[in-house]
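These notes concern the structure reproduced below.
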Ligand code: FUC
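Numbering (this note's numbering), first residue to last: 158 to 953.
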């Protein structure tokens, strides 16, 4: 991509409307999911904003317990023929028992999602900073999170003095910085402490440093990663002394708090240091050599390089004095607030910028923000929707390099995945199943019900091809092609012929994570050829063929993949008119299951479209109707994207409204939609807090305004840029700038009264473009870097 940066300058801050770029609260957070997230991709913080007791939860993306392990089961491949025989004979429950006994990972695997103290490990809180002062009665309290500048603010008055705090985390300078100021000289006084619920020691160093160190559990009775956190202060006026295990500030005019953190994790996406003590010292020295204004300017410049690439205006965005939580409540009661949707969109982009930066680890189930030692589902990378959903906004929202960490994870899985492919399937290539971690876990999960899915690697490869398709960067394609090829080889070796039609199918597998009811009334999950697998293989094989063609490679493999692709079990419409989830028209174990895996072909893949395959699209619609709207946070977000692909803007908006449902945020895990929505700080709740819904929701908003997938899954099908394909009636007027379309085209759109006013497309190449508005498609050729303007008349 050569041009987006130029475009940046044109679109930035067209509408910096605060209602769409600022979260606002009039009380301190009392819980994690009311606090304000900050992140530079590696270091994260949740700022509570307490007046006399400020809590700041600290995170660092590599704070993972556990350690590398060989979880591949010995002799697993010996039972594969028997599992397949049972599947071919329709004895799925028997096959499932065999998978459970012999074809899962070596126990305890991920510890059934509670793996803090087993080798799988879990992502954990780094620690907590407390800033305590004598009790004072505060008024005019305001807490904000400025998404455009990535600064959290706290302002209040007490005893006639105005107090202000600003917090940010700088990516260029690798530090968390807080500034405390007061309107009256000498008014600042507090004690700062630093702690962690377990496995840490904090001491003071001299009179101006807190140093917390410890080692995490490696899950094998030994010491895992070492973590280090350092806090140093710079005060104007007054004094700072160490007292107990804290730092005491008295009578200061201004205080700057600097925090550096790191571990000795040296896997992919780590900082590559075995000496976090030295690295954190260096970070602090570097940052503290600058003055505050310079540090802040370097931080905001860096953040805005990403954030300002896209702007969205959905109507009235003038200063809205209401708190964010009040807006959620008002919106849920029917008060229109299109700017709240824009805020949610911007928040999603903000969270990705904060949790996924080149050179780092990918955003996990909670991004990088976690308050506990045992995070839900280990805060890992789930590969049957969750990790992939985290990256849905990356390309469409012109944040392509923020996908680097995902790409690095995928590359890191090839080697262990090759071993797993041999151990279970005696297959070439590489595979990863449903869960992974920074330790290269690629084995199946510990239970056949969910752990036997083999589609994880195919789904990951979609992101590699898509990044090429959006950017048309051939060097990138050449780099990732061997990974796609390795994945395709795995599936090639794994296909078997089902007896009824002679179609090629996968097996053992399952349709994440749903069970089906067999004609004899028994339930099972393990099957052959679930619809999602077939869609993913058509996609992977097709993309691999296309990539090989572009790169002029592997003619023989191209032929083989194309031939096999044509024999894969097709999408089938069941007797009920719905798209079938399995090879057979089984009933669903849970008809309202949160995963709608068989619509993978509608989104994120595009072999089902209203334009190209109307009958399948109609079946997909029926599937969605029967599944119902209710679901976990991420499930709502996926359904929103499905409806956008079906060009039903109002229905997509209804799903967005469910995502924006105000919820308390506490409460137990719920799989059926209870408690799903947004907490006061806009975090998406599964429940529990799980960030994928935030990202899926942001991507869904982009998908409502612009789509660029081809009309069919034909290998040579070219993108069609669809302008306002699913504009809801709730957003009659608006403007979006800087979105990215497949083919390396940056798109700005304006609309009024529900109709397109003006479109501006800048293509990175001279390749022909196809552009659609409503039901008219036009072809045009743009000159690289020269904007093309389109009006509604262009489509007559
Ligand atoms: C998948 C989902 C669950 C949850 C977990 C992290 O297994 O089915 O709902 O989101 O990932």
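Just so you know, even glycine gets a beta-carbon here, dropped at the ideal spot from N, CA and C.
First and last residue of the uninterrupted beta strand (DSSP E) at residue i
i: residue 310; result: 308 to 315
i: residue 339; result: 332 to 339
i: residue 216; result: 210 to 217
i: residue 892; result: 891 to 898
i: residue 324; result: 318 to 327
i: residue 806; result: Note, residue 806: premise wrong, no beta strand (DSSP E); alpha helix (DSSP H) at 806 to 816.
i: residue 925; result: 925 to 930
DSSP beta-bridge partners of residue i
i: residue 347; result: 406
i: residue 299; result: 312
i: residue 194; result: 203
i: residue 864; result: 879
i: residue 521; result: 524
i: residue 819; result: 835
i: residue 279; result: None; residue 279 has no bridge partner.
i: residue 387; result: 368 and 417
Test item: CB-CB of residue i and residue j under 7 Å
i: residue 957; j: residue 725; result: Outside the displayed range of the chain (158 to 953) lies residue 957, so it cannot be described from this structure.
i: residue 197; j: residue 309; result: no
i: residue 262; j: residue 732; result: no
i: residue 852; j: residue 546; result: yes
i: residue 257; j: residue 774; result: no
i: residue 684; j: residue 249; result: yes
i: residue 275; j: residue 264; result: no
i: residue 649; j: residue 661; result: no
i: residue 927; j: residue 946; result: no
i: residue 832; j: residue 820; result: yes
i: residue 418; j: residue 200; result: yes
i: residue 873; j: residue 766; result: no
i: residue 870; j: residue 695; result: yes
i: residue 287; j: residue 350; result: yes
i: residue 391; j: residue 370; result: no
i: residue 643; j: residue 586; result: yes
i: residue 686; j: residue 280; result: no
i: residue 707; j: residue 754; result: no
Collapsed DSSP secondary structure at residue i in the structure displayed
i: residue 572; result: helix
i: residue 200; result: strand
i: residue 913; result: strand
i: residue 707; result: helix
i: residue 496; result: helix
i: residue 440; result: helix
i: residue 538; result: strand
i: residue 848; result: coil
i: residue 791; result: helix
i: residue 374; result: strand
i: residue 699; result: helix
i: residue 869; result: coil
i: residue 593; result: strand
i: residue 355; result: coil
i: residue 835; result: strand
i: residue 935; result: strand
i: residue 227; result: coil
i: residue 508; result: helix
i: residue 530; result: coil
i: residue 546; result: helix
i: residue 455; result: helix
i: residue 946; result: strand
Among the options, nearest to residue i - alpha-carbon criterion
i: residue 298; options: 186, 349, 421 and 405; result: 186
i: residue 373; options: 382, 366, 367 and 877; result: 382
i: residue 647; options: 916, 575 and 631; result: 575
i: residue 890; options: 896, 649 and 907; result: 907
i: residue 348; options: 313, 369 and 399; result: 399
i: residue 807; options: 857, 838 and 829; result: 857
i: residue 423; options: 346, 306, 946 and 432; result: 432
i: residue 654; options: 210, 242 and 217; result: 242
i: residue 463; options: 479, 499 and 508; result: 508
Span of the alpha helix (DSSP H) around residue i
i: residue 430; result: Careful: residue 430 lies outside any alpha helix (DSSP H) and carries neither H nor E.
i: residue 616; result: 613 to 628
i: residue 604; result: Residue 604 -> no alpha helix (DSSP H), and no H or E assigned at all.
i: residue 713; result: 712 to 724
i: residue 415; result: That residue, residue 415, is in no alpha helix (DSSP H); its beta strand (DSSP E) goes 411 to 420.
i: residue 778; result: 771 to 784
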